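2 protein chains.
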Amino acid sequence: MTDLETTDRTTLKRLPQRAHFDRDTVNAIIDEAMVCHVGIVDEDGRPVVIPTFHGRDGDDLLIHGSAASRLLRTARNREVCITITLLDSLVLARTAFHHSANYRSVVIFGVPEQITDDDEADHALTVLVEALVPGRSAEVRANTRNEIRATAVLRLPITEASAKVRSGPPVDDEEDMDAPVWAGLIPVETRFGAPITADDMRMDLPPADSATNYRRPV
Amino acid sequence: MTDLETTDRTTLKRLPQRAHFDRDTVNAIIDEAMVCHVGIVDEDGRPVVIPTFHGRDGDDLLIHGSAASRLLRTARNREVCITITLLDSLVLARTAFHHSANYRSVVIFGVPEQITDDDEADHALTVLVEALVPGRSAEVRANTRNEIRATAVLRLPITEASAKVRSGPPVDDEEDMDAPVWAGLIPVETRFGAPITADDMRMDLPPADSATNYRRPV
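Chains as they are written, first to last, in my numbering: chain A, 1 to 218; chain B, 219 to 436.
This is the structure:
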């Protein structure tokens, strides 16, 4: 299934069987991940990669930051590449050469626009909080107008995008298959610990539902 | 302590208290992380960010890939930005606005060089396998000359580099401190599951020590 725009940049030259262009695969990776890496080109033509949080609003990726931040000022109306990576397992082959990892990654190219409408920005900030902590926005008060304006939110259409996925066992050459070496996978998992209450709480409240029942979308 | 080169690119304009320029802090983040994101500028001047594995060889960062890969061909002798990010906890404040995360990240700028000497490349490949799976290189046979030459290894001095770290509790404004909202942290941990033996093993071997005792350096 191919429903994203495939361009020279999103097409894999090597290992094309690892590429995926369907929106469901791309969206699932975006939604499960908490961190993305935003690539920009600075004034001197040099690359800069900055980690940040993201949220997905339908077919758009949202990132945000202080209205004063370098990332936000540089990425606005300029070409970016946003990459999201999930590591699923380490792949131990019979030879060092064939060691690998199972992973799911997404690359999105495009030109983000800043959201300038207050209501749209408010909605986008809610999407971003929900992406990091599902259910949290209902537990806190609404954003004030000042808070909305102090944060810049950029919107990048998920159009020129693709996923790259490796899964499965190690693959060795036939001549190494009889080597007396164990081969297999080491699963890599992200776990969330028990909530830690802030020391400066003034009320004796149990941890919020969003924290005690924390889980990523799957 | 400042022992890395501080430049305009590695100096934080906002929240400078989060910046660290000591090699120990930078190295510990590099060593704990399994994935880095490499930013390059393509032929058309647009950013591209590619995830890959890395290893640290003293004061150099190593990345590798097929000698035929776009990343390796483009990054060689060109400006790159390599960013490494570890997420430690989600920070739930009393207001949506002050939600944050505790993280440790490293940014390294520079021009990588390809290792061309076979012995150096062999050593570098061992460093890379050990970075992903400590102890593994002693469990597998040595690399052949063909394997060494099929893989391109780039070496980037960790010189123009800095770390950025947020830790600690949520920070809310005084006017929100009495709100009846729980605030605190949700710890984020990377765990490694029990080894999964490859189906096509021809010998009945227990999982390797490197897999059963798997842990990241801390």
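Where is the CB? At the ideal position from N, CA and C, for every residue including glycine. The structure displayed is predicted, hence computed values, not measured ones.
{"Asked": "The segment 192 to 204 of chain A: positions lying closer than 9 Å to chain B by Cβ", "Found": "Phe192, Gly193, Ala194, Pro195, Ile196, Thr197, Ala198, Asp199, Asp200, Met201, Arg202, Met203"}
{"Asked": "Ser323 of chain B vs Thr301 of chain B beta-carbon contact at 8 Å", "Found": "yes"}
{"Asked": "Near-chain B residues of the segment 35 to 52 of chain A - C-beta to any C-beta below 8 Å", "Found": "Val35, His37, Val38, Gly39, Ile40, Val41, Asp42, Gly45, Arg46, Pro47, Val48, Val49, Ile50, Pro51"}
{"Asked": "Stretch pair the segment 365 to 376 of chain B + the segment 168 to 181 of chain A: three plus CB contacts closer than 8 Å", "Found": "no"}
{"Asked": "Helix, strand or coil at Ala381 of chain B according to DSSP, with G and I counted as helix", "Found": "strand"}
{"Asked": "Same chain only: Cβ atoms within 8 Å of Ala401 of chain B, ignoring 5 sequence neighbours per side", "Found": "Leu310, Ala311, Arg312, Pro387, Pro388, Asp390"}
{"Asked": "Whole-angstrom distance between Glu348 of chain B and Ala339 of chain B, CA atom to CA atom", "Found": "14 Å"}
{"Asked": "Against chain A: residues of the segment 272 to 301 of chain B by CB proximity under 8 Å", "Found": "Ser284, Ala286, Ser287, Arg288, Glu297, Val298, Cys299, Ile300, Thr301"}
{"Asked": "First through last residue of the alpha helix (DSSP H) which encompasses His316 of chain B", "Found": "Looking at the DSSP string, His316 of chain B is not in any alpha helix (DSSP H), and its letter there is neither H nor E."}
{"Asked": "Closer than 7 Å: Arg322 of chain B CB and nearest the ligand ZN heavy atom", "Found": "Within the structure as shown, the ligand ZN is missing, as the structure has no ligands at all."}
{"Asked": "With 16 other Cβ atoms within 10 Å as the buried cut-off, status of Leu304 of chain B", "Found": "buried"}
{"Asked": "Cβ of Val188 of chain A within 8 Å of any chain B Cβ", "Found": "yes"}
{"Asked": "Cutoff 8 Å: Ser105 of chain A Cβ touching any chain B Cβ", "Found": "yes"}
{"Asked": "Extent of the continuous beta strand (DSSP E) run through Val267 of chain B", "Found": "265 to 275"}
{"Asked": "Cβ-based neighbour list, Ile268 of chain B, same chain, cut-off 6 Å, excluding 5 preceding and 5 following", "Found": "Val256, Leu289"}
{"Asked": "Beta-carbon proximity check, Leu372 of chain B vs Ala293 of chain B, cutoff 8 Å", "Found": "yes"}
{"Asked": "Terminal residues of the alpha helix (DSSP H) in which Arg236 of chain B lies", "Found": "From DSSP, Arg236 of chain B is part of no alpha helix (DSSP H); its letter is neither H nor E."}
{"Asked": "Cβ pair Val218 of chain A, Glu5 of chain A closer than 8 Å", "Found": "no"}
{"Asked": "C-alpha gap between Pro425 of chain B and Arg227 of chain B, whole angstroms", "Found": "45 Å"}
{"Asked": "Range covered by the alpha helix (DSSP H) that runs through Glu130 of chain A", "Found": "118 to 132"}
{"Asked": "Which listed residue (B:Thr225, B:Leu233, B:Val298, B:Arg433) has its alpha carbon closest to that of Val48 of chain A", "Found": "B:Val298"}
{"Asked": "Distance CB(Pro157 of chain A)-CB(Ser210 of chain A) smaller than 8 Å", "Found": "no"}
{"Asked": "Reduced DSSP secondary structure (H/G/I, E/B, other) of Ala368 of chain B", "Found": "helix"}
{"Asked": "Whole-angstrom distance between Leu350 of chain B and Met219 of chain B, CA atom to CA atom", "Found": "With a pLDDT of 45 at Met219 of chain B, under the threshold of 50, the modelled position of that residue is not reliable, and the figure given next carries that caveat. Cα-Cα distance, rounded: 29 Å."}
{"Asked": "Cα-Cα separation, Asp278 of chain B to Arg141 of chain A", "Found": "48 Å"}
{"Asked": "Span separating the alpha-carbon of Val200 of chain A from that of Ile248 of chain B", "Found": "The question names Val, yet the displayed sequence has Asp at residue 200 of chain A. Approximately 33 Å, taken between the alpha carbons."}
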